[in-house]
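>
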Amino acid sequence: MSVHLHWFLPTGGDGRTLVDRHAYTDGGIRRDRITPVSGVRAPDIEYLAQIAKAAEQLGFEAVLTPTGTWCEDAWLTTVALTQVTERLKFLVAFRPGVISPVLAAQMAATYQRISRGRLLLNVVTGGDSTEQKRFGDHLGHDRRYSRTDEFLQIVRGVWGGRPFDFQGEHYQVEGGLTALPPDPLPQIFFGGSSAAAGPVAARNVDVYLTWGEPPEEVKQKIDWLRGLAEKEGRTVRFGIRLHTISRDSSKEAWATAGRLLDDLDPETVAAAQQALGKSESVGQQRMLALHGGSRDKLEISPNLWAGVGLVRGGAGTALVGSHAEVADRIEEYHSLGIEHFVLSGYPHLEEAYWFGEGVRPELAARGLLDAGPAPLDGVPAANGRPASAPGGAPLLIAGGR
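The numbers in my numbering rise by one with no breaks, and the one at position 348 of the sequence shown is 900.
(1) Taking only the alpha-carbon atoms, compute the straight-line gap between T569 and D817 and give it to the nearest angstrom.
(2) By how many angstroms is the C-alpha of A822 removed from the C-alpha of R708?
(3) How many angstroms separate the CA atom of R881 from the CA atom of N855?
(4) Within the continuous alpha helix (DSSP H) that includes D689, where are the two ends?
(5) Terminal residues of the continuous beta strand (DSSP E) containing Q739?
(6) Under a Cβ-count criterion, where at least 16 other Cβ atoms within 10 Å of its own Cβ denotes burial, should H558 be classed as buried or exposed?
(7) Per DSSP, D880 forms a beta bridge with which residues?
(8) What separation, rounded to the nearest whole angstrom, lies between the Cα atoms of D929 and T637?
(9) Which word fits E903, buried or exposed, when buried means at least 16 other C-beta atoms lie within 10 angstroms of its C-beta?
(10) In the DSSP assignment, what residue or residues form a beta bridge with D566?
(11) Where A781 and F741 are concerned, what is the direct C-alpha to C-alpha distance, given to the nearest angstrom?
(12) Just to confirm, are L794 and A879 a CB contact at a threshold of 9 Å?
(13) Could you tell me the distance, in whole angstroms, from the CA atom of D735 to the CA atom of Q664?
(14) In the structure shown, what three-state DSSP assignment does G764 receive?
(15) State the Cα-Cα distance for the pair V650 and F687, rounded to the nearest angstrom.
(16) Let's test the definition: count the other Cβ atoms within 10 Å of the Cβ of L628 and tell me whether it reaches 16, buried, or not, exposed.
(17) What separation, rounded to the nearest whole angstrom, lies between the Cα atoms of A660 and N674?
(18) Considering only C-alpha positions, which residue in the set L737, A632, S667, A805 is nearest to I597?
(19) Identify every run of the alpha helix (DSSP H) within the region 605-665, keeping only runs that are complete inside it and at least 4 residues long; order them along the chain.
(20) Please say whether K641 and L610 have beta carbons closer to each other than 9 Å?
(21) Could you give the distance in angstroms between the alpha-carbon of G764 and the alpha-carbon of E891?
(22) If you reduce the DSSP assignment to three classes, tell me which class W711 lands in.
(23) Please give the ranges of any alpha helix (DSSP H) in the region 849-922, keeping only runs that are unbroken, at least 4 residues long and fully inside the region.
(24) If you follow the beta strand (DSSP E) that R789 is part of, which residue opens it and which one closes it?
(25) What number of angstroms, rounded off, separates the C-alpha of T820 from the C-alpha of V863?
(26) Quick one: what's got a C-beta closer than 6 Å to L813's C-beta in the same chain, skipping five residues either side?
(27) State buried or exposed for A606, treating a residue as buried only when at least 16 other CB atoms are found within 10 Å of its CB.
(28) What is the DSSP secondary structure of V834, counted as helix, strand or coil?
(29) Would you mind working out which of Y898, G829, A731 sits nearest G567, comparing C-alpha positions?
(30) Looking only at its chain, what residues have a beta carbon closer than 7 Å to the beta carbon of P767, apart from the 5 residues adjacent to it on each side?
(31) Tell me the DSSP bridge mates of L671?
(32) In its own chain, which residues sit with a C-beta less than 7 Å from the C-beta of G720, not counting the 5 before and 5 after it?
(33) Is D814 helix, strand or coil by DSSP?
(34) When DSSP labels each residue in this structure, what does G750 get in the three-state scheme?
(35) Let's test the definition: count the other Cβ atoms within 10 Å of the Cβ of P715 and tell me whether it reaches 16, buried, or not, exposed.
(36) Alpha carbon to alpha carbon, what distance is there between L921 and F893?
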C-alpha cells in the first residue's frame, strides 16, 4: 500500500497567517473583531494556477478544493485550472442539500470528459446549520447524513447508463439517467465522526477521511469504520487531512510555527473559538478538544501541533518538524492503515515546495511512494483521457477544509 499525497487549493484566500476569516466573527460577515494582517493573498485565478502548477510539478496527485460562503465556486474554478495543468486531479467540493443528485452525476460526467478523467468529487454533508441555511438547507445534522446516503445511492444508480428509479425520504427520482456515464467512474471518499456518519461511510465509500488527530485516536476511528464496514460485507480504505510545516531542521520548523502563533492576539483566538464552539460537527468538536482554546501544550503528540485549530475551522493540526521527522509521522499514520494524505500549509505555494522538495524524497527513499506517471509531453491521449490517468478518480466526502 503506497502513500498518496494531495495538496489544498485555498479558494477563500491565502497568506502568511493562520487567521481564517471564514470561520468566526459571525461566520466572517463582520470583520471588526479581526486584527488587520499583512500578506493576505486574494484567490484570483492567476495565484491559484501557481499553486496548481506547483502541486503538479512537485508530484502531488490532486488538490482539495473547499466549498462554502467564503470560497470561490469549486466547479468553475477547478475546471479553469484543468486547462493549465496536465495530470493534476481536482477534489471538487459541493453540498448534497443544494444540488440534485442526478444533476451532480451529469456534471461529474461532463467534467471527466473535459478534464480527461481528473475529477474527484468532494460531497460535503455539512456540520454548521448557519452555513447550510445560507444555501437554503434547513435539515438537522443527522438528517443531512441520511440525505447524503440517498444522494450517493442515486449518483451511483444514474451512472449505470440506464434509467434509474429511486424512492426515499429525501429524494424521489423517476428514470434518472446520465446518458454518457463518467469514465472512469469515480471512487467515493467520505468524512464524518458522528454516529450518524459512520453507517453512511460503511455502506457507500471506498475511503474514509479523518482530520489529523493523534495516532491512537486515528486508530480508534479506523477500527470503528472497519467494524461497521465488515457488517455491511465491505472493506474501506483510509485518508487523513493535515497541515504541514516542514523545514531543513526541526528548530526552523518550530520557529515557523511559533511565528504563526505570535501573529494571533487573544481577541482573535477568542472570537474564533466562540464561533467554532457552535458547530454541530462532531469532528470539529474533536478538533477543539485537542487544545481547549489554550496556547499551552499545543504539541499534542510528537510533531503534531494543534495551533492551527485555535483560529481555523475544519482541519486544525499540523505536522511540524524536519523533513525526516514529518516523514516519520506520515510513516506512522501509514502503518495504521492511512493511505491518502491531504495536506496544506501557510502560505500554500511556499509550503508546497517545502514539503515537495523536502519530505517527498524522504518518503520515496523509504519505498512509500509509487514512481508516478511519466511526463505527458508527446504522449497521445487514449480512450479520451491521457495515458497517465487510467484509474478511477476518487470521490471525496468531507468537510472540504
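The C-beta atom is built at its ideal place from N, Cα and C for all residues, glycine as well.
Quick answer:
(1) 12 Å
(2) 43 Å
(3) 7 Å
(4) D689 -> no alpha helix (DSSP H), and no H or E assigned at all.
(5) 739-743
(6) buried
(7) In the DSSP output, where bridge partners are listed per residue, D880 has none listed.
(8) Below a pLDDT of 50, predicted positions are generally treated as unreliable, and D929, at 40, falls in that range; no measurement from the model is reported.
(9) buried
(10) R593
(11) 14 Å
(12) no
(13) 7 Å
(14) coil
(15) 7 Å
(16) exposed
(17) 11 Å
(18) A632
(19) 626-633
(20) no
(21) 13 Å
(22) coil
(23) 875-888, 900-917
(24) 789-799
(25) 7 Å
(26) G859
(27) buried
(28) helix
(29) Y898
(30) S853, E884, Y885, L888
(31) F642
(32) E702
(33) helix
(34) helix
(35) exposed
(36) 12 Å
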